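Residue numbers for the sequence shown follow this note's numbering, so the first one is 1168 and each next one is one higher.
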Amino acid sequence: MRKAVKKMINISEPPSAIICISDAIAISCIDELLSLGIKIPEDMRISGFDNIGLASHNSIRLTSIGYEKGHIGEIAMQNLIELIEQKEAGIESTRHITLTPELFIRESTRNNHL
């Protein structure tokens, strides 16, 4: 991670933001940037994906895209019950469920110019 972060910030026009594939990678990236003297979000904004609990409890609270986990549990339980009932009734079914993620905006992408 350290090599990738160093390479990225040393290019002629470094990015102003990084979007990571997971919150764990984003938190690791924040640690590397801070160790190199890069300020979050003043010099670089960071966001992750999956909204893990640590994202909102880190010293620099991470902006993340994720889902309300309680809602996912409700949907899973409702669908499991329906599938069991349908199977008992001899009905075969396939389900496709699409969830819309939520953006949890926190300090790692704060706009200091507002």
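Glycine included, C-beta positions come from ideal geometry on N, C-alpha and C.
These numbers come from a predicted model, not from an experiment.
- Contact annotation, residue 1183 with residue 1212: C-beta distance approximately 6 Å; criterion of less than 8 Å satisfied.
- For the pair residue 1226 and residue 1273, the CB atoms are not nearer than the 8 Å cut-off.
- Excluding residues up to 5 positions away in sequence, 1232, 1233 and 1234 lie with their Cβ nearer than 7 Å to the Cβ of residue 1268 in the same chain.
- Inclusion of residue 1207 and residue 1260 in the CB contact set at 8 Å is not warranted, their separation being larger than that value.
- Residue pairing by DSSP leaves residue 1276 without any beta bridge partner.
- Under the 10 Å beta carbon count, residue 1218 is surrounded by 16 or more other beta carbons and is classified as buried.
- Annotated three-state conformation of residue 1215 is strand, per DSSP.
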